[in-house]
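The opening residue of the sequence shown carries number 93 in the numbering used here; numbering runs sequentially from there. Note that beta-carbon positions come from the ideal geometry of N, C-alpha and C, so glycine has one too.
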Amino acid sequence: MILIFKCSSNKSNHYFGVLLVLLLSLLFLFTISDAFGLIPATKNIRTNYKTGCAPQCRFMRDRLYLDSCDSRFLSVLTSQAYDSPSLLRSLPSTTDSATKNRVTGESEDSPKGEDLYKNLIAWILKPKSGRNGAVRHDVHFEGEETFAFINPAICISNSDNGDGFGVIVSRAVEKNEVLFTIPVQKFCLTTAGALEDEYIGAALRNIVEATEGGIDGGGGTVVLAAYVAYLYLRSIVLEESLKLAQKADYLSYLQTLPLTRPGNKSSTAMQDHILWWSRDEVDKYLGGSVAHEEAVDILSEVEYAIKSLENIVKQALLREKHDEDDWFIKWIRQPQKLNISDKVIRETIRGAFVAILSRSFSDEETIDGSRLAPLLDMLQHNDRPNVCHSIERTNRNVRQIVVTARFDLEEGTELLNQYQSDLEAHRFFVRFGFIPTDTQKISRPIETSELQSAQSSSYMRSVIKEYYNIFFPSKTKNTK
93 MILIFKCSSN KSNHYFGVLL VLLLSLLFLF TISDAFGLIP ATKNIRTNYK TGCAPQCRFM
153 RDRLYLDSCD SRFLSVLTSQ AYDSPSLLRS LPSTTDSATK NRVTGESEDS PKGEDLYKNL
213 IAWILKPKSG RNGAVRHDVH FEGEETFAFI NPAICISNSD NGDGFGVIVS RAVEKNEVLF
273 TIPVQKFCLT TAGALEDEYI GAALRNIVEA TEGGIDGGGG TVVLAAYVAY LYLRSIVLEE
333 SLKLAQKADY LSYLQTLPLT RPGNKSSTAM QDHILWWSRD EVDKYLGGSV AHEEAVDILS
393 EVEYAIKSLE NIVKQALLRE KHDEDDWFIK WIRQPQKLNI SDKVIRETIR GAFVAILSRS
453 FSDEETIDGS RLAPLLDMLQ HNDRPNVCHS IERTNRNVRQ IVVTARFDLE EGTELLNQYQ
513 SDLEAHRFFV RFGFIPTDTQ KISRPIETSE LQSAQSSSYM RSVIKEYYNI FFPSKTKNTK
């Protein structure tokens, strides 16, 4: 039987071999095309990540209401069909593309400003109705049930107490009423979480060990900056191949952080800060001021940290990309490369430092060190805060941030937090990028030529002008 088969197959061996070669060639071409973005669908995904423009959130006029917890509200959030009049008010017209581009700085295909915060709220809630109309986020995290809660009165809108967005209440709120709760381990970005990461944790632990004072000695800030940059950049490097749901989920929060230099195109929010300045700009606008020395020190320290972290972040991305690829992709990709430049890595690390300096909270209870907390970091600063926040433990020992009303709040009141009560005004400017609104100010005329500089520092220069007495107290006294 075997001999008969061999004889009968002599003529067909040639055709079978040709067919096999063709099939293998097609498989090879398809794999190459998919790996390097030559297939249209994959190429479009890569293009969207690279060319999407960042929304200028402070110019948006819409408001996201969480004013209902009925089935209709939950279905809207679940489907992400955020076009209901009860959820969005005063939507800007999209018929005039020229006006839209001027207001938001976006291209027609780029993410809309409101989308950042819709995605953030949807990520936190992932709604499931609980008792008394509460919205719960039920997930199992390391064997524990954790849940987030956002009071239906909470509303995200333009802030009246600072630049960008803020959080207000759409109805009257009573003293001690819970406004929202955020489970720390599930939703917050912490130093402890960074040190435990599979791909970047080992290198970051070495940084902490080599830093005098460890996490408390500045190592915590550096570690968290590297972790934030890595988490955001992995969404670009891995594109549609994100398989770790927990890290993928963080993207909804990361896109609300100012990880991009103002004026650049990206898919994140923006914020002006001293770290976006060059040393020449610091000397030009703050030279001779009480803020100059601290600004130079922070800028120098961050520049040094960026050089140290660039390769750490890059190697972590390469390792994870290698693990995500299938065996055939690994074989044909030698040496392996990232689809982002070293400059993008450096700028993202810088943006991570901006986010941490201006938005992070410290955690004295555990080794978490610095912590970025979704939603809580949207509250504007005031020396007379109207909220209280603390870390509490559930009956299952789950740590969560609990934010309550400090006293009765009227409808339309913006929620205000106190960042640091003992920080001088000029130090507020260097760290947070603004001067508290209740600071006494004496402004001075400023020459037009002084205003013609990089876009990244225009807002900061206006603050220096407006609070001239804070930065140059001796000059102010001499002019009285």
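query                                                                                                 : result
Same chain only: Cβ atoms within 7 Å of Asn-268, ignoring 5 sequence neighbours per side              : Thr-496, Ala-497
Close beta carbons around Tyr-322, own chain, < 6 Å, minus the five adjacent residues each side       : Ile-292, Val-405, Ala-408
Counterpart residues of Pro-565 in DSSP-defined beta bridges                                          : DSSP output for Pro-565 lists no bridge partner at all.
Unbroken beta strand (DSSP E) run spanning His-518, endpoints                                         : It is not in any beta strand (DSSP E) - His-518 instead sits in the alpha helix (DSSP H) that spans 517-524.
Secondary structure of Arg-598, DSSP reduced to three states                                          : Nothing in the structure corresponds to residue 598, since the chain is present only between 93 and 572.
Rounded distance between the beta-carbons of Asp-475 and Ser-513, thought under 8 Å                   : 7 Å
Glu-393 beta carbon less than 9 Å from that of Gly-310                                                : yes
C-alpha gap between Ile-390 and Gly-285, whole angstroms                                              : 25 Å
Paired residues, beta bridge with Gln-492 - DSSP                                                      : Pro-275, Glu-484
At least three beta-carbon pairs within less than 8 Å, the region 252-272 to the region 447-454       : no
Tyr-377 to Val-555 span [Cα, whole Å]                                                                 : 11 Å
Per-residue DSSP class, three states only, for Thr-303                                                : coil
Length of the line joining the Cα atoms of Gln-472 and Tyr-511                                        : 9 Å
Nearest candidate by alpha-carbon position, reference Ser-566, set Ile-216, Ala-264, Asp-207, Gly-380 : Gly-380
Beta strand (DSSP E) segment containing Val-320, residue limits                                       : Run containing Val-320: none in the beta strand (DSSP E); it sits in the alpha helix (DSSP H), 311-329.
Endpoints, the beta strand (DSSP E) within which Gly-258 is located                                   : 257-261
Span of the beta strand (DSSP E) around Ile-527                                                       : First-last for Ile-527: undefined, no H or E at that position.
CB of Leu-367 within 9 Å of CB of Tyr-324, strictly                                                   : no
Bridge partners - Leu-501, DSSP secondary structure assignment                                        : Val-265
Beta-carbon spacing of Val-315, Leu-349 below 9 Å                                                     : no
Beta-carbon proximity of Leu-508 to Asn-253, cut-off 9 Å                                              : yes
Rounded separation between Pro-466 and Leu-217 - CA only                                              : 12 Å
Simplified DSSP assignment, three categories, for Lys-108                                             : Just to set this straight, residue 108 is Phe in the shown sequence, not Lys. Three-state result, Phe-108: helix.
Secondary structure of Ser-513, DSSP reduced to three states                                          : coil
Whole-angstrom distance between Ala-317 and Glu-385, CA atom to CA atom                               : 23 Å
Cβ-based neighbour list, Asp-289, same chain, cut-off 7 Å, excluding 5 preceding and 5 following      : Tyr-319
Contact check, Leu-281 vs Arg-463, beta carbons under 9 Å                                             : yes
Among Phe-120, Leu-410, Ile-448, Phe-563, nearest to Asn-431 - alpha-carbon criterion                 : Leu-410
Coarse secondary structure for Val-555, derived from DSSP in three states                             : helix
Limits of the unbroken alpha helix (DSSP H) element including Ser-344                                 : 343-346
Residues that DSSP places opposite Arg-463 in a beta bridge                                           : Thr-282, Phe-453
Reference Glu-576, options Leu-501, Ile-493, Leu-330, closest by Cα                                   : The structure shown has nothing for residue 576, since the chain only spans 93 to 572.
Asn-250 and Val-265 closer than 9 Å at C-beta                                                         : no
Three-state class that DSSP yields for Tyr-157 in the structure shown                                 : Here Tyr-157 scores only 30 on pLDDT, less than 50, and its place in the model is too uncertain to base an answer on.
Short Cβ contact (9 Å threshold) for Val-261 with Thr-505                                             : yes
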